[in-house]
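Asks:
In the working numbering, the protein residues as written are -2 to 81.
Listed below in structure tokens is the structure:
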């Protein structure tokens, strides 16, 4: 979000139909919002910055060779049934 962007929809509600007090409370108190924006940008955003953000959210693939776990290690992880 940059200065000049217009918030069109918040959590499925059209902003122009909402009361200003309600808008302020939603923006201050909600932990998660779904917003539709109208951007005031005159040029596309820097794609490298966007890719850096996306890369920071992506989990790496699992290792190709699974770790070797011995029977002794596995038996140490087994929880006995209640009452034993």
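We put the beta carbon where it would ideally sit given N, CA and C, even for glycine.
Compute the Euclidean distance between the alpha carbons of residue 27 and residue 74, then round it to the nearest angstrom.
Replies: Cα to Cα, the separation comes out at about 41 Å.
Asks: Whole angstroms is fine: what's the gap from residue 0's alpha carbon to residue 37's?
Replies: Each residue's alpha carbon lies about 8 Å from the other.
Asks: Who pairs with residue 3 in a beta bridge, going by DSSP?
Replies: Answer by DSSP bridge pairing, in chain order: 35.
Asks: Would you report the Cα separation of residue 53 and residue 79, rounded to the nearest angstrom?
Replies: So the two alpha carbons sit approximately 42 Å from each other.
Asks: How about residue 11 and residue 32: do their beta carbons lie closer than 8 Å?
Replies: No, the pair does not count as a contact, with Cβ atoms beyond the cut-off.
Asks: From what residue to what residue does the alpha helix (DSSP H) around residue 21 run?
Replies: 17 to 26 is the extent of the alpha helix (DSSP H) around residue 21.
Asks: Assuming residue 35 and residue 2 form a contact by the criterion Cβ under 8 Å, report the distance between their Cβ atoms to the nearest whole angstrom.
Replies: Indeed, because the Cβ distance is near 7 Å, the residues count as touching under 8 Å.
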